[in-house]
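Numbering (my numbering), first residue to last: 15 to 171.
C-beta: ideal position from N, C-alpha, C; glycine also.
Note sheet for the following structure.
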C-alpha cells in the first residue's frame, strides 16, 4: 500500500511538471487550478506516511483531497466557467487571486501543516476554516452580480 501510494504520488508530480505550471504564474485562473491540483499528490504522500506508521492521521491526508483539492478545484472551476457562461472574457475578477490564495492556505493549514504539527491544531483548524469560508465569500461577492444578470454578449443562456 505504501509503495503504491508513493509511486502514484510521484507519477502525479511528474505529470504536473509536464504541464509547465510555472508558465502560468501571472494568471490566477490558471495557477489556481495547478495549485489546488497539487493537493492530490500531497494527499497521497500523507496517506503513504500514515500507512508507513508515521504520526500522520488518515483524516489529515483525506483533508488534503477534500479541502485542498476538491474545495480548491471547485472554486477555481466555478470562477472560470462562470465567466465563460456569462459571455465574459476569461480574465480574473478583482479579489479572486486573493481568494485562490486563501483556499490554498486553507488546504495547507488543514493537511500538511496539521500533520506535521507546525502549530496548534485548534489554530490550524480555525484558520483553515476561516480561509476556506472567506474564499467562497469573496467568490459570491464578485460573482453574484454577474450570475444574476443576462449574458453580456447577448447570446441565450
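Start and end residues, alpha helix (DSSP H) containing residue i
i           : result
residue 50  : 42-51
residue 98  : 86-98
residue 171 : From DSSP, residue 171 is part of no alpha helix (DSSP H); its letter is neither H nor E.
residue 16  : 16-32
residue 107 : Element bounds for residue 107: n/a, residue is neither H nor E.
residue 127 : 126-129
Beta-carbon spacing of residue i, residue j below 8 Å
i           : j           : result
residue 160 : residue 102 : yes
residue 118 : residue 86  : yes
residue 121 : residue 93  : no
residue 81  : residue 138 : no
Collapsed DSSP secondary structure at residue i in the structure displayed
i           : result
residue 70  : coil
residue 134 : coil
residue 144 : helix
residue 166 : coil
residue 156 : helix
residue 75  : helix
residue 113 : helix
Nearest-angstrom Cβ-Cβ length linking residue i and residue j, presumed shorter than 8 Å
i          : j           : result
residue 90 : residue 114 : 7 Å
residue 25 : residue 62  : The pair is not a contact, with the Cβ atoms about 13 Å apart (cut-off 8 Å).
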